[in-house]
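Participant: Here our numbering is used: the first residue of the sequence shown is 36, the next is one more, and so on.
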Amino acid sequence: MYRALAPRLRDAGHDVVLVTQQTPYPIRRHGIETVTLPRTDDVARHRIAVDGALADLCPDLVECST
36 MYRALAPRLR DAGHDVVLVT QQTPYPIRRH GIETVTLPRT DDVARHRIAV DGALADLCPD
96 LVECST
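See below:
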């Protein structure tokens with residue numbers, strides 16, 4: 036969903052930031068910032084990393100795709 040939603044939000048004039056884990060196939064979208072977190076299978080550690088990233092970004096809206 037985020038791959039379709041992000042460009043539409045950007046085109047509507049919003050600042051869009053994608054938060055994702057490290058991958059051999061990074062997401063690159065023109066005009067969309069990507070924050071890449073270390074890859075982990077530890078859900079608790081991942082939640083802490085996401086929480087930290089969101090605290091730094093101070094977003095107005097968050098969408099979570101799994």
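All C-beta atoms, glycine included, are put in the ideal place defined by N, C-alpha and C.
(1) Is Arg45 near Arg64, with beta carbons less than 9 Å apart?
(2) What I want to know is whether the C-beta of Pro73 ends up closer than 8 Å to one or more non-hydrogen atoms of the ligand SAH.
(3) Which partner residues of Arg64 appear in the DSSP bridge assignment?
(4) Using 10 angstroms around the beta-carbon of Val51, count the other beta-carbons present and answer buried if the total reaches 16, otherwise exposed.
(5) Using the C-alpha atoms, what's the distance from Gly48 back to Arg78?
Facilitator: Taking the definition as stated:
(1) yes
(2) With respect to the ligand SAH, the structure shown offers nothing to examine, as it has no ligands at all.
(3) Ile67
(4) buried
(5) First, the residue type needs correcting, since residue 78 is Val and not Arg in the sequence shown. Roughly 33 Å separates the two Cα atoms.
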